[in-house]
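See below for the structure under consideration.
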Amino acid sequence: ETGVTQSPTHLIKTRGQQVTLRCSSQSGHNTVSWYQQALGQGPQFIFQYYREEENGRGNFPPRFSGLQFPNYSSELNVNALELDDSALYLCATPDRFTGELFFGEGSRLTVL
Amino acid sequence: RKEVEQDPGPFNVPEGATVAFNCTYSNSASQSFFWYRQDCRKEPKLLMSVYSSGNEDGRFTAQLNRASQYISLLIRDSKLSDSATYLCVVNKGTGGYQKVTFGTGTKLQVIP
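Sequence order for the protein chains is A and B.
Take 78 as the starting number for the first sequence in the working numbering and just add one per residue.
Take 499 as the starting number for the second sequence in the working numbering and just add one per residue.
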């Protein structure tokens, strides 16, 4: 049990639409990071939030945006969906001392 | 050059075999190192942390060579249940700032 939950688990969208994915973690995890994992690839870092502010970003366009809330929950928003956005989206919280990541089960997005 | 490189495999090995995975990383500032296991269509889960002194957990042994920027994972007496993708993970952050990079993963298939 990682204490990290994501919703929805699966969803289907069409090109051009917008999607919001959600992540919640148990109290005390004030850092959350989001990853995109395409089929056959390792997870790619999208961005990270620490105490409600973005403090790191990978090589993703601005249409990928996020929020972190005071209760440590988080959202990933993707606008103007493209076919290549089809992937497993993972959120994770790190142990601040060991660096170990605790993942949620992921949200599998399919863009048609 | 990718920050973290792994042989993608697949490695097809018979039950009982010993198999070794290697990983190289490019950033000498990296601070913590891990092997994660990922089953098909599931989230990654921590297999073991990797320390310079080497560490062992049952049939699994991990080694870190900071001078060569090289990480290894050895699995002895392979079981069918070891079939999965093994992800090499490097973290060069600490505290509220975590900078985690994944390799593309090495796929292992243990054959009866």
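Beta carbons are placed, not taken as given, at the ideal position from N, Cα and C, and that holds for glycine.
CB contact check: residue i to chain A, cutoff 8 Å
{"i": "Gly552(B)", "result": "no"}
{"i": "Gln603(B)", "result": "First, the residue type needs correcting, since residue 603(B) is Gly and not Gln in the sequence shown. Closer than 8 Å: yes."}
{"i": "Leu544(B)", "result": "yes"}
{"i": "Glu541(B)", "result": "yes"}
{"i": "Gln596(B)", "result": "yes"}
C-beta contact flag for residue i and residue j at 8 Å
{"i": "Phe122(A)", "j": "Val598(B)", "result": "yes"}
{"i": "Ser576(B)", "j": "Val511(B)", "result": "yes"}
{"i": "Gln596(B)", "j": "Thr108(A)", "result": "yes"}
{"i": "Val188(A)", "j": "Thr86(A)", "result": "no"}
{"i": "Pro506(B)", "j": "Lys605(B)", "result": "yes"}
{"i": "Val587(B)", "j": "Tyr534(B)", "result": "yes"}
Cβ of residue i within 8 Å of any chain B Cβ
{"i": "Ser110(A)", "result": "yes"}
{"i": "Leu98(A)", "result": "no"}
{"i": "Leu144(A)", "result": "no"}
{"i": "Phe94(A)", "result": "Note on residue identity: the sequence assigns Gln, not Phe, to residue 94(A). No, Gln94(A) does not count as interfacial toward chain B."}
{"i": "Gln103(A)", "result": "no"}
Residues bridged to residue i [DSSP beta-bridge criterion]
{"i": "Tyr149(A)", "result": "Per DSSP, none; premise fails for Tyr149(A)."}
{"i": "Leu189(A)", "result": "DSSP output for Leu189(A) lists no bridge partner at all."}
{"i": "Gln536(B)", "result": "Thr583(B)"}
{"i": "Glu130(A)", "result": "Tyr127(A)"}
{"i": "Phe179(A)", "result": "Thr170(A)"}
{"i": "Gly143(A)", "result": "Leu153(A)"}
{"i": "Asn553(B)", "result": "Ala560(B)"}
{"i": "Asn520(B)", "result": "Ser570(B)"}
{"i": "Gln103(A)", "result": "According to DSSP, Gln103(A) bridges with nothing at all."}
Cβ distance (whole Å) where residue i is taken to contact residue j below 8 Å
{"i": "Leu585(B)", "j": "Gln536(B)", "result": "6 Å"}
{"i": "Gln203(A)", "j": "Tyr126(A)", "result": "Chain A is shown only over 78 to 189; residue 203(A) falls outside these bounds and no answer can be derived."}
{"i": "Gly591(B)", "j": "Glu503(B)", "result": "Contact doesn't hold; Cβ gap of about 20 Å is too wide."}
Next on the checklist: With a threshold of 8 Å, are at least 3 pairs of Cβ atoms found where one atom belongs to the stretch 163-174 of chain A and the other to the stretch 513-531 of chain B?
Outcome noted: no
Item to check | Validate contact between the stretch 550-562 of chain B and the stretch 131-147 of chain A using beta carbons, cut 8 Å, 3 pairs | outcome: no
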